[in-house]
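The structure under discussion appears below in the form of structure tokens.
In mature numbering (1 follows the signal peptide of the UniProt record, and there is no 0), the protein residues as written are -17 to -1, 1 to 113.
What follows is the structure in structure tokens.
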């Protein structure tokens, strides 16, 4: 009698576990990356920035593209993490890495026309006033 009872309980537990419905795991939601834009700031940042010796040049365009000359790092685009609240802000210069894009944080000041990349200051050419 004991064997029969244990066998019935075991079969019942087996049937219960087999019949429980498992919901398929929901796919994790993909995070939508929001692009921060500020057309006035983009226009103010755009320009050609030269190092002190004039050999290294970073050209920043308003359409978020970058061209470098004479640098060991080949940046190809830039972006902003947050909307700037004044003449100076931090932007990211982006270059291709082995597996993913590499972002280097850069300080930019539109009033002074400076771009500071890893403790090196690049300056915009001063426009002559008429």
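Beta carbons: idealized from backbone N, C-alpha and C, even for Gly.
Annotation: the continuous alpha helix (DSSP H) that includes residue -1 extends over -16 to 2. Put simply, the backbone Cα of residue 2 is about 20 Å away from that of residue -12.
The Cβ atoms of residue 104 and residue 34 sit closer than 9 Å to each other. The C-beta distance from residue 78 to residue 59 rounds to 6 Å, short enough to fall under 8 Å. Around residue 29, the same chain offers 43, 44, 45 as residues with beta carbons nearer than 7 Å, after the five sequence neighbours per side are excluded. The residue from 109, -5, 26 with its alpha-carbon nearest to that of residue 70 is 26. For secondary structure counted as the beta strand (DSSP E) over 3 or more consecutive residues, the stretch 52 to 92 holds these complete runs in sequence order: 58 to 63, 71 to 79, 84 to 92.
Relative to the Cα of residue 72, the nearest Cα in the group 61, 89, 81, 49 belongs to 89. With respect to the 9 Å criterion, residue 81 and residue 41 are not classified as neighbours on the basis of their beta carbons. Shown here for residue 50: same chain residues with a beta carbon closer than 6 Å to its own, the five before and five after excluded, namely 42 in chain order.
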